[in-house]
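Below is one structure, written out as structure tokens, with a few remarks after it.
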Amino acid sequence: MTDLPRLLPSQLRLTVDPASLGFADTRELHVKSLPWIGQERAEQAARFGLLMDNPDYNLFVLGEVGSGRSSLLRELTHAVAAERPVPPDLCYLHNFDNPERPRALRMPAGQGRELRQRMQRLCRTLQTEIPLRLARDDFKAESERLQDAYKDEENKAFAELEQYAEARHFNLFRESGHLVFTLVGDDGNALTENEARALPRERRAEISKAEIELREQISHFLEQTRPMARVMNEALAALRRQVIKPLLDHELQEIRVSLKKQIKDSVKLGGYLEQVAHDVLEHIELFEAQETGDEERQLALESLLAQYQVNLVVDNSALRGAPVIV
496 MTDLPRLLPS QLRLTVDPAS LGFADTRELH VKSLPWIGQE RAEQAARFGL LMDNPDYNLF
556 VLGEVGSGRS SLLRELTHAV AAERPVPPDL CYLHNFDNPE RPRALRMPAG QGRELRQRMQ
616 RLCRTLQTEI PLRLARDDFK AESERLQDAY KDEENKAFAE LEQYAEARHF NLFRESGHLV
676 FTLVGDDGNA LTENEARALP RERRAEISKA EIELREQISH FLEQTRPMAR VMNEALAALR
736 RQVIKPLLDH ELQEIRVSLK KQIKDSVKLG GYLEQVAHDV LEHIELFEAQ ETGDEERQLA
796 LESLLAQYQV NLVVDNSALR GAPVIV
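Residue numbers for the sequence shown follow our numbering, beginning at 496 and rising by one.
Laid out in structure tokens, this is it:
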């Protein structure tokens, strides 16, 4: 029997020169497809099943442990999916007519995120630009003109009511937004309750009658001035809309132009943006800058802007082909 040569410990270990590998890092290697060695029919059947473009079809795979059935099928599934179109994004938009039932909007992959970002940008723009435009001198001047016109008419009607009250020995004045009157004596000073009760019965009867008549005149005054105030408020609201509408139209048109040509539901998106525009114009006063903090107004504004946010439920912007769910 031939004696085998003795080996040194260093000779028992396989060593490979890194320079001979042709790469510096395994990240430089391209992943090669796994071979279907000896499973040509299985590969054909798998491809046939995966390419079946109809619902309710399934692949049932059998194989020995270690045959690579899971790895091979997963790799093939990813390869087939990469050739399929990317499914659309799914967004939910606020339903102004029925808030409990948001509107679904399907968009090309990546456009859902784009719409969400643009609506967020719109909200920031409105919060910045609307207060600036309502603070311009031309808007303030026209706003003051409308308010002064109302005040002139209201003051004229109040002066007539005041004269009516004084002729019947009543002082009329405003207090916390209400009209209040007091009985005065011959010296022009207000009478106390006891002093009024001490007056002769005939005089008290005259005062009672005069008070009823004055209350009727006050009701008439309110009926006369409330429509004036309503007209003024409507005129101020129309002025705000006139100032803000060009800004709003410009911002929304940019969104329409960038997205309308790329989605099938462009009509639905257009209708939603029109409702957003209408809603903003109806609540412009919430955007006006306040000299002092108004927590209630700020909360109302935050609630309003929340309605313009896009709920991106399915975001396929990162997909390259159809998704594979494992």
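A virtual CB, placed ideally from N, CA and C, is assigned to each residue, including glycine.
No experiment lies behind these values; they were computed from the predicted model shown.
Just tell me which of the options has its CA closest to the CA of residue i.
{"i": "L776", "options": "P513, L734, N806 and L814", "result": "L734"}
{"i": "R751", "options": "F668, R696 and L617", "result": "L617"}
{"i": "R725", "options": "L641, N590, V581 and G544", "result": "L641"}
{"i": "R579", "options": "S703, L768, E790 and M547", "result": "M547"}
{"i": "F782", "options": "L571, A732, Q719 and K646", "result": "A732"}
{"i": "S562", "options": "V675, F543, G544 and Q534", "result": "Q534"}
{"i": "A541", "options": "R736, F653 and E570", "result": "E570"}
{"i": "T720", "options": "N666, L768 and F653", "result": "F653"}
{"i": "V575", "options": "H589, V762, Y767 and Q539", "result": "Q539"}
{"i": "F665", "options": "S671, S703, A630 and R692", "result": "S703"}
{"i": "L545", "options": "L524, H573 and P504", "result": "H573"}
{"i": "Y659", "options": "I707, S671, N689 and R619", "result": "I707"}
{"i": "N728", "options": "S671, P594 and A644", "result": "A644"}
{"i": "G672", "options": "E701, R710, L717 and S798", "result": "L717"}
{"i": "G766", "options": "N590, F543, H715 and D520", "result": "N590"}
Can you look up residue i in the DSSP assignment and give me helix, strand or coil?
{"i": "E670", "result": "strand"}
{"i": "Y803", "result": "coil"}
{"i": "A705", "result": "helix"}
{"i": "R601", "result": "strand"}
{"i": "T687", "result": "coil"}
{"i": "V675", "result": "strand"}
{"i": "L694", "result": "coil"}
{"i": "F543", "result": "helix"}
{"i": "V808", "result": "strand"}
{"i": "D584", "result": "strand"}
{"i": "F665", "result": "strand"}
{"i": "Y767", "result": "helix"}
{"i": "S505", "result": "helix"}
{"i": "S798", "result": "helix"}
{"i": "F518", "result": "coil"}
{"i": "T620", "result": "helix"}
What does a CB cutoff of less than 6 Å around residue i pick up in its chain, not counting 5 residues either side in sequence?
{"i": "V805", "result": "C586, L610, R611 and M614"}
{"i": "G605", "result": "S812"}
{"i": "R506", "result": "It should be noted that the sequence gives Gln, not Arg, for residue 506. No residues qualify anywhere along the chain."}
{"i": "V809", "result": "D584 and L585"}
{"i": "P500", "result": "none"}
Starting from the C-beta of residue i, find all residues in its chain whose C-beta is less than 7 Å away, skip the five residues before and the five after it, and write them out in chain order.
{"i": "V556", "result": "R564 and L568"}
Does the Cβ of residue i have 16 or more other Cβ atoms within 10 Å, making it buried, or fewer, making it exposed?
{"i": "M602", "result": "buried"}
{"i": "N811", "result": "buried"}
{"i": "E746", "result": "buried"}
{"i": "P818", "result": "exposed"}
{"i": "I625", "result": "buried"}
{"i": "G607", "result": "buried"}
{"i": "I779", "result": "buried"}
{"i": "D584", "result": "buried"}
{"i": "L502", "result": "exposed"}
{"i": "L794", "result": "exposed"}
{"i": "V771", "result": "buried"}
{"i": "L656", "result": "buried"}
Look at the alpha carbon of residue i and the alpha carbon of residue j, and state the distance between them as a whole number of angstroms.
{"i": "N553", "j": "E559", "result": "20 Å"}
{"i": "R621", "j": "D632", "result": "With the sequence shown as reference, residue 621 is identified as Leu, and Arg is not the correct amino acid for it. Answer to the nearest angstrom: the Cα atoms are 19 Å apart."}
{"i": "R696", "j": "L686", "result": "16 Å"}
{"i": "L516", "j": "R508", "result": "18 Å"}
{"i": "K646", "j": "P597", "result": "44 Å"}
{"i": "N650", "j": "S638", "result": "18 Å"}
{"i": "G680", "j": "L667", "result": "14 Å"}
{"i": "Q748", "j": "V762", "result": "14 Å"}
{"i": "L524", "j": "P513", "result": "14 Å"}
{"i": "A705", "j": "M723", "result": "27 Å"}
{"i": "I713", "j": "N689", "result": "25 Å"}
{"i": "T521", "j": "L800", "result": "50 Å"}
Quick one: residues in its chain with C-beta nearer than 8 Å to the C-beta of residue i, no 5 flanking neighbours on either side, listed in chain order?
{"i": "S826", "result": "With the chain represented from 496 up to 821, any question about residue 826 goes unanswered, as that position is not in the structure."}
{"i": "R628", "result": "F634, V738, I739 and L742"}
{"i": "V821", "result": "R569"}
{"i": "R815", "result": "A577 and V581"}
Determine, for residue i, whether the minimum Cβ-Cβ distance to residues of chain C falls below 8 Å.
{"i": "R508", "result": "This model lacks chain C altogether, as it is built from one protein chain only."}
Using a threshold of 7 Å, is the CB atom of residue i nearer than that to any non-hydrogen atom of the ligand NAD?
{"i": "S671", "result": "As far as ligands go, the structure on display features none, and thus does not contain the ligand NAD."}
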